[in-house]
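Below: one structure, written as structure tokens.
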Amino acid sequence: MRYVVSVSLGSSKRDHEVTAAFLGEDFCIKRQGTDGDLARAEELIRELDGKVDAIGLGGIDVYLYAGGERYALRDGLRLLACAKLTPVVDGSGLKNTLERQAVRYLEEEEKLIGPGTKVLLVSAVDRFGMAEALAAAGCDLVCGDLMFAAGIPYPIRGLEELTRMAKKLLPEMTKMPFHMLYPTGKKQEEKAVTAAKFAQFFDEAAVIAGDFHFIRRYSPPRLDGKIILTNTVTAADVEELRAQGVKWLVTTTPELGGRSFGTNVLEAVMVTLLGKRWDEITAQDYTALLARLQLKPRIERLN
Amino acid sequence: MATRDELLACLAQFRDRCNADAQLRPMLADWERTILIRASDLPAEHLLIVRGGQVYLEPAAADGADLTVIAESGLLADLFAGRITPTEPYLNGSLRVLGTEEDIMRLDFISLMIWGE
Numbered sequence: 001m002r003y004v005v006s007v008s009l010g011s012s013k014r015d016h017e018v019t020a021a022f023l024g025e026d027f028c029i030k031r032q033g034t035d036g037d038l039a040r041a042e043e044l045i046r047e048l049d050g051k052v053d054a055i056g057l058g059g060i061d062v063y064l065y066a067g068g069e070r071y072a073l074r075d076g077l078r079l080l081a082c083a084k085l086t087p088v089v090d091g092s093g094l095k096n097t098l099e100r101q102a103v104r105y106l107e108e109e110e111k112l113i114g115p116g117t118k119v120l121l122v123s124a125v126d127r128f129g130m131a132e133a134l135a136a137a138g139c140d141l142v143c144g145d146l147m148f149a150a151g152i153p154y155p156i157r158g159l160e161e162l163t164r165m166a167k168k169l170l171p172e173m174t175k176m177p178f179h180m181l182y183p184t185g186k187k188q189e190e191k192a193v194t195a196a197k198f199a200q201f202f203d204e205a206a207v208i209a210g211d212f213h214f215i216r217r218y219s220p221p222r223l224d225g226k227i228i229l230t231n232t233v234t235a236a237d238v239e240e241l242r243a244q245g246v247k248w249l250v251t252t253t254p255e256l257g258g259r260s261f262g263t264n265v266l267e268a269v270m271v272t273l274l275g276k277r278w279d280e281i282t283a284q285d286y287t288a289l290l291a292r293l294q295l296k297p298r299i300e301r302l303n
Numbered sequence: 001m002a003t004r005d006e007l008l009a010c011l012a013q014f015r016d017r018c019n020a021d022a023q024l025r026p027m028l029a030d031w032e033r034t035i036l037i038r039a040s041d042l043p044a045e046h047l048l049i050v051r052g053g054q055v056y057l058e059p060a061a062a063d064g065a066d067l068t069v070i071a072e073s074g075l076l077a078d079l080f081a082g083r084i085t086p087t088e089p090y091l092n093g094s095l096r097v098l099g100t101e102e103d104i105m106r107l108d109f110i111s112l113m114i115w116g117e
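In structure tokens, the structure reads:
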């Protein structure tokens with residue numbers, strides 16, 4: 001049995017454990033939330049180091065991307081530095097491959113998106129591959145990075161503007177405590193008091209894409225007929241989306257034991273299967289392994 | 001250390017840069033705040049008032065501010081003139097900002113928008 005643990009800054013209420021087989025290898029996959037406590041996450045990673053096959057970082061990204069530049073979050077680097085023996089991954093290596101494939105699949109196989117489809121990508125710098133794929137599909141893309149990470153009611157329209165903004169803001173913003181940029185712990189369970197300010201951007205879009213916690217925290221009560229393209233949803237989240245009137249739920253990672261885990265979990269599994277150092281793994285390695293694993297996005301009609 | 005006049009000139013420069021930035025205006029439209037700027041080594045206090053997407057610089061009044069920015073005058077002058085960014089001084093404690101985290105982020109954001117690369 002191989003062991004993968006996802007250490008998350010998210011709520012411990014979402015903790016889960018599942019066993020699954022990948023290419024004939026049995027994996028025990030566990031998620032451990034630290035309720036936004038960065039010090040507890042550091043301690044947990046130190047405890048797990050050398051005892052499990054790979055560690056995923058959930059509820060936090062280490063690397064953000066925009067326009068060919070990579071920006072490292074200071075708190076994410078702190079967590080990475082806690083493990084000396086076991087590979088630690090944040091999902092960003094795989095996201096770039098998996099999420100592009102998911103968008104292409106929705107366009108070519110399912111015909112759910114195409115030129116002119118209005119998409120609200122709640123945060124693009126943590127999913128730049130998805131943003132590029134949506135733009136390449138001709139979607140009318142609004143990126144919500146400023147709205148949902150900084151509370152500023154300014155929609156970023158297109159990748160050029162996103163790249164320009166990222167250059168100005170991210171070198172400094174990535175130094176800020178992570179909880180100031182992203183909902184962690186209990187905040188993940190609460191609706192934002194400023195949610196109404198952004199409702200029109202949800203209303204205008206046919207597809208709401210990206211980080212599920214941002215979607216959940218800021219979405220208006222009704223999402224009738226919308227397509228949600230995300231990952232990391234639990235069975236309870238699916239029911240909540242159904243009640244909001246969502247038509248299609250698409251997760252870029254497959255369903256395991258009734259939920260879609262984050263890309264950090266899947267990347268941790270893949271790093272274990274590849275048996276290479278994380279920094280030696282290429283996008284081609286992920287593409288080839290994804291093909292062998294025959295992973296497809298989960299597509300579920302909810303209404 | 002900066003003089004009172006030097007600090008005032010840097011704040012005026014900050015106000016002018018904000019008001020000249022057409023992209024920044026809609027980003028401030030929903031944010032009405034009174035920001036008290038207090039030098040810890042000078043008897044100098046000023047107000048930056050954000051209203052209707054515009055920034056105004058006024059002498060400090062007795063009324064309560066939404067945000068209070070406190071640092072040595074030299075640091076404040078450097079910050080508002082864009083010679084340094086606020087993140088490191090904020091994180092190492094030489095710059096204190098009293099207010100909600102959302103407002104602190106917004107102020108940081110404004111400074112990066114006008115002075116960022």
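Protein chains in written order, with my numbering: chain A, 1 to 303; chain B, 1 to 117. Built from N, CA and C at the ideal position, the CB exists for glycine as well.
- From the beta-carbon of E172 of chain A, the residues of chain B found nearer than 9 Å are T85, P86, T87, E88, D108, S111, L112, G116.
- The alpha-carbon of E101 of chain B is positioned some 11 Å away from that of M176 of chain A.
- Taking 8 Å as the cut-off between beta carbons, the residues of the segment 143-168 of chain A near chain B are L146, A150, G151, I152, P153, Y154, K167, K168, in sequence order.
- Beta bridge pairing from DSSP links S94 of chain B with no other residue.
- For V271 of chain A, the enclosing alpha helix (DSSP H) starts and ends at 263-274.
- Neighbours of P43 of chain B in chain A, taken as residues whose beta carbon is under 8 Å from its own, are absent, since the nearest beta carbon is some 31 Å off.
- Counting the other Cβ atoms within 10 Å of the Cβ of G210 of chain A gives 16 or more, which makes it buried.
- Using a Cβ-Cβ distance cut-off of 8 Å, the segment 97-108 of chain A and the segment 129-139 of chain A are in contact, since at least three pairs of beta carbons, one from each stretch, lie closer than that value.
- With 16 or more other CB atoms across the displayed protein chains lying within 10 angstroms of its CB, S11 of chain A is buried.
- With a 10 Å radius around the Cβ and a threshold of 16 neighbouring Cβ atoms, P89 of chain B comes out buried.
- In this structure D126 of chain A is in contact with L64 of chain A, their Cβ atoms being roughly 6 Å apart against a cut-off of 8 Å.
- In terms of Cβ geometry, L48 of chain B and L11 of chain B form a close pair [threshold 8 Å].
- As DSSP reads the structure, D140 of chain A sits in a beta bridge with A:K118.
- Using a Cβ distance threshold of 8 Å, L23 of chain A and L293 of chain A count as a contacting pair.
- When Cβ-Cβ separations below 8 Å define contact, D30 of chain B makes contact with chain A.
- Between A192 of chain A and E172 of chain A, the alpha-carbon positions lie close to 24 Å from each other.
- Between F14 of chain B and T184 of chain A, the alpha-carbon positions lie close to 33 Å from each other.
- The beta carbon of T87 of chain B sits closer than 8 Å to the beta carbons of D108 from its chain, once the five residues preceding and following it are set aside; these are given in chain order.
- K175 of chain A has a beta carbon lying within less than 8 Å of a beta carbon in chain B.
- Within the same chain, Y63 come within 6 Å of R70 of chain A by CB-CB distance, once the 5 residues on both sides are set aside.
- Note on M27 of chain B: 16 or more other CB atoms within 10 angstroms of its CB, so buried under the neighbour-count rule.
- The beta carbons of H16 of chain A and R301 of chain A sit no closer together than 8 Å.
- R222 of chain A and M105 of chain B have their C-alpha atoms roughly 29 Å apart.
- Per DSSP, P59 of chain B is one residue of the beta strand (DSSP E) stretching across 54-59.
- As the crow flies, the alpha-carbon of V103 of chain A is around 6 Å from that of A133 of chain A.
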